[in-house]
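Residues are numbered in my numbering as their position in the sequence shown, beginning at 1, plus a constant of 40. For each residue, glycine too, the CB sits at the ideal point set by N, CA and C.
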Amino acid sequence: MRTTDRAKTWRLPAVLAATALAVAACTPGGDSDPTNGAGATDGNGGGAGAGEVVMISSQLVPTAEQEAMNNAILADFDGSVNFIGAEPGPFNDQVRAQEEAGEGEISLIGGLDGEFSSFAADGLLMDLSDVAEELSDLGINENFLELGRLGTDQQLYIPWMQATYIMAARQEAMEYLPDGVDINDMTWEQLTEWGANIEAETGERRLGFPAGEDGLLHRFFQGYGIPAFTGGVNTTFASPEAVEMWNWMSDTWQYVNPQSTTYGFMQEPLQSGEVWVAWDHTARLIEALNNQPEDMVAFPVPSGPEGKAFMPVVAGLGIPTTAPNVEGAKDLIRYLLQPETQATTLSEVSFFPVISAELPGDLEPGIQAEQEAVAAQTEAEDALPALLPVGLGDQGGAYSQVHRDAFQRIVIGGEDPATVLEELTPQLQEVFDASGAPCWSPDPPSDGPCQVGG
């Protein structure tokens, strides 16, 4: 299975997404019986929210995931749901078309933080502060709630589920952990020391990063390295603190398996034993943790001087101002945030909970290990969420290429980091000028294109 930032990113054909709302009898999976799963409920017992809730989502788009949503995740909802998974283009078009018409069928939106930012900027979302308050006993992650306010004093979306990147290690690496270090509360400098201990005792370089062509190493710099050392990402791109991060990475690389420049998914070298300690996306570590549960541990990413930076792929739930069934949509939000539903979501589609309430049921060992690591990461006192790039459009590839170029020149090529970052700053600024993308967290908000800083 090939993955990107999220566990899976297959796309629903645009024609299906575009016509899904217009065809009342159409089911989101395309080949599913509308009398099965959530669609079989009659809406009785829905209280004020009785009646169908049409939910459109840019997440859970693949047919298998839509079937999981309908037949498992929504199975116990006391109401009728028409769930439509749509790729980003049609998803955005449908939401905006309803707003322009002043009425429509969509009552609930499921999407990523960046998508909600765009809707909120145009006044398309209702304030859900009352729902957030009602669900406060579930322990919804406060950092994610803050993201859902989108820089306002209103709760414009409720966090729904998340994916992210964590660490994993083989058990044989544990005996080389620096004295007194807790893997759940360590620093990036201590990771380097760990790698040095392994190399000194075994003669092998056993740290690993996905630096191959299909790897996601650029996300490490965007969401982990740069924010952890600088407290920002784009406004601090060429800062002295960013230079410190690149110096750290260069120093650490002497303990990294040289085959890392060929790795796309770290689960394979972890299982083979080529690598003992690795960073990667949860979806690219899960096979190792599931296949060899007794030999593996999962743990949160280390912290830098500015905190435990991590890149959450946060999906949320919002209600459009033109929603025809507001109470039904709120009922569905309440349902999707319950511990039982969050556990089912994790088991069925590998999206992790956003709540701290204890989850019921038995999980596969790898999923359980990842869930504990994700929870420790997001709930850490020094947690520093660094969002996925927002608003870059077709400049997204160019944005990531800047970080890959910096890695190649500084870490692999041995060039001076301050010089390289200074030379790459205009290239990165061109990305923002061309896309018009504003700054995103943890950088402060900007009026107009984000300004790359040093």
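Taking Cβ to Cβ, would you say residue 414 is nearer than 8 Å to residue 391?
The answer is no: Cβ separation not under 8 Å.
Smallest Cα separation from residue 188: which of 197, 181 and 422?
Minimum Cα distance to residue 188 is reached at 197.
Check whether the region 221-232 touches the region 331-343, counting contact only when three or more Cβ pairs, one atom from each stretch, lie closer than 8 Å.
In short, these stretches touch, since the Cβ pair count reaches three.
Taking 8 Å as the threshold (C-beta atoms), are residue 428 and residue 317 in contact?
Contact flag unset, no.
Mind listing, in chain order, the continuous alpha helix (DSSP H) runs of no fewer than 4 residues lying wholly within the region 137-165?
Complete alpha helix (DSSP H) runs here, min 4: 153-161.
From the DSSP output, read off the bridge partner residues of residue 319.
DSSP lists 207 as partners of residue 319.
Closer than 8 Å, CB to CB, is residue 383 near chain C or not?
Reference to chain C is not applicable here, since this structure consists of a single protein chain.
Under the rule that 16 or more other beta-carbon atoms within 10 Å means buried, what is residue 452, buried or exposed?
With fewer than 16 Cβ atoms within 10 Å of its Cβ, residue 452 is classed as exposed.
What residue ranges within the region 390-425 form continuous beta strand (DSSP E) runs of no fewer than 3 residues, ordered along the chain?
Runs of the beta strand (DSSP E) inside the region 390-425: 423-425.
In chain order, what residues of the same chain lie with their CB nearer than 6 Å to the CB of residue 207, ignoring the 5 residues before and after it?
Only 319, 339 and 341 meet the Cβ criterion.
Residue 279 lies in the alpha helix (DSSP H); which residues open and close that run?
Run containing residue 279: none; DSSP gives neither H nor E here.
Between the Cα of residue 176 and those of 158, 199 and 163, spot the shortest distance and give me the residue it belongs to.
Considering only alpha carbons, the answer is 199.
Output the distance between the C-alpha atoms of residue 81 and residue 94, rounded to the nearest integer angstrom.
Residue confidence for residue 81 is low, a pLDDT of 29 falling below 50, so the modelled location carries little weight; the figure read from the coordinates is stated next. For residue 81 and residue 94, the distance between alpha carbons rounds to 14 Å.
Using only the alpha-carbon positions, how far apart do residue 182 and residue 358 sit?
Rounded to the nearest angstrom, the two C-alpha atoms are 17 Å apart.
So residue 360 and residue 164 are in contact, right, with Cβ under 8 Å, and what is the actual spacing, rounded?
Confirmed, Cβ separation roughly 6 Å.
What residues are listed by DSSP as bridge partners for residue 132?
Bridge partners of residue 132: none, in fact.
Can you check whether the CB of residue 350 is closer than 8 Å to the CB of residue 411?
No; because the gap between Cβ atoms is not below 8 Å, this pair is not in contact.
Could you name the residues that DSSP lists as bridge partners for residue 96?
According to DSSP, residue 96 bridges with 124 and 149.
Quick one: grab the DSSP three-state call for residue 234.
Residue 234 falls in the helix class under three-state DSSP.
Residue 339 lies in the alpha helix (DSSP H); which residues open and close that run?
Note, residue 339: premise wrong, no alpha helix (DSSP H); beta strand (DSSP E) at 336-339.
Taking only three categories from DSSP, how would you classify residue 81?
Any answer about residue 81 is weak, because its pLDDT of 29 lies below 50 and its placement is not dependable; what the coordinates show is given next. Residue 81 falls in the coil class under three-state DSSP.
Does DSSP put residue 195 in a helix, a strand or coil?
If DSSP states are grouped into helix, strand and coil, residue 195 belongs with coil.
Have a look at the DSSP bridge pairing and note the partners of residue 227.
Answer by DSSP bridge pairing, in chain order: 343.
Given a cut-off of 8 Å on the beta-carbon distance, is the pair residue 147 and residue 366 in contact?
It is a contact, given that the beta carbons lie within the stated cut-off.
Excluding the five sequence neighbours on either side, which residues of its own chain have a C-beta within less than 7 Å of the C-beta of residue 443, listed in chain order?
Closer than 7 Å at the Cβ level, and outside the excluded window around residue 443, lie 258, 261 and 262.
Leaving out five residues before and five after residue 474 in sequence, what residues of the same chain have Cβ atoms less than 6 Å from its Cβ?
Counting only Cβ-Cβ distances below 6 Å, and skipping sequence neighbours, we find 435.
So the candidates are 397, 419 and 384; which of them puts its Cα closest to the Cα of residue 403?
Comparing Cα positions, the closest option is 384.
Would you mind stating whether residue 389 and residue 105 have Cβ atoms separated by less than 8 Å?
Their beta carbons are under 8 Å apart, which means residue 389 touches residue 105 by this criterion.
Give me whichever residues DSSP pairs with residue 248 in a beta bridge.
Beta-bridge pairing links residue 248 to 318.
Is residue 481 buried or exposed, if buried means 16 or more other CB atoms sit within 10 Å of its CB?
Result: buried.
Roughly how many angstroms lie between the CA atoms of residue 455 and residue 334, to the nearest whole one?
The straight-line gap from Cα to Cα measures roughly 41 Å.
Under three-state DSSP, which class holds residue 427?
The answer is coil: DSSP assigns residue 427 none of H, G, I, E or B.
Does the Cβ-Cβ distance between residue 299 and residue 331 come in under 8 Å?
Not in contact: residue 299 and residue 331 (Cβ atoms no closer than 8 Å).
Whole angstroms are fine: how far does the CA of residue 127 sit from the CA of residue 377?
Each residue's alpha carbon lies about 23 Å from the other.
On the DSSP bridge assignment, give the partners of residue 436 in chain order.
Per DSSP, none; premise fails for residue 436.
Excluding the 5 residues preceding and the 5 following residue 281 in the sequence, name in chain order all residues of the same chain whose CB lies nearer than 6 Å to its CB.
Here the set comprises 269 and 270.
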